[in-house]
């Protein structure tokens, strides 16, 4: 299960899971903030970070700044949220039970 809060190493894990283990990703697109983080020290104990490598899917689509698209997209509605339903989790359970 992924969404826009899936960032950095979690995005890499999702991408590796799909690429190497045929994992099915369910939810919303990830943030696109993956790749090796390079830290540059600044003054007053502050740091600047940037991505030091480019990551691409097998079809040469850039993953950085675009994120990873799920295999099954689920966008909860306001009614789902107000009712306390987790539509993404329910979709994942239905998917697992059907396979």
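Residue numbers (this note's numbering): 2 to 100.
Quick reminder that beta carbons are idealized off the backbone N, C-alpha and C, glycines included.
Minimum C-alpha distance to residue i - residue among the options
i          : options          : result
residue 12 : 32, 27 and 76    : 32
residue 92 : 10, 43 and 25    : 25
residue 96 : 86, 74, 46 and 6 : 74
residue 60 : 69, 52 and 36    : 69
residue 88 : 100, 27 and 38   : 27
residue 38 : 77, 67 and 53    : 53
residue 56 : 35, 76 and 46    : 35
Buried/exposed call for residue i, threshold 16 Cβ in 10 Å
i          : result
residue 71 : buried
residue 49 : exposed
residue 29 : buried
residue 43 : exposed
Residue span of the alpha helix (DSSP H) that contains residue i, given as start and end
i          : result
residue 22 : 10 to 22
Helix, strand or coil at residue i [DSSP, three-state]
i          : result
residue 99 : helix
residue 84 : coil
residue 34 : coil
residue 91 : helix
The beta strand (DSSP E) enclosing residue i, as first and last residue numbers
i          : result
residue 38 : 38 to 42
residue 49 : 48 to 52
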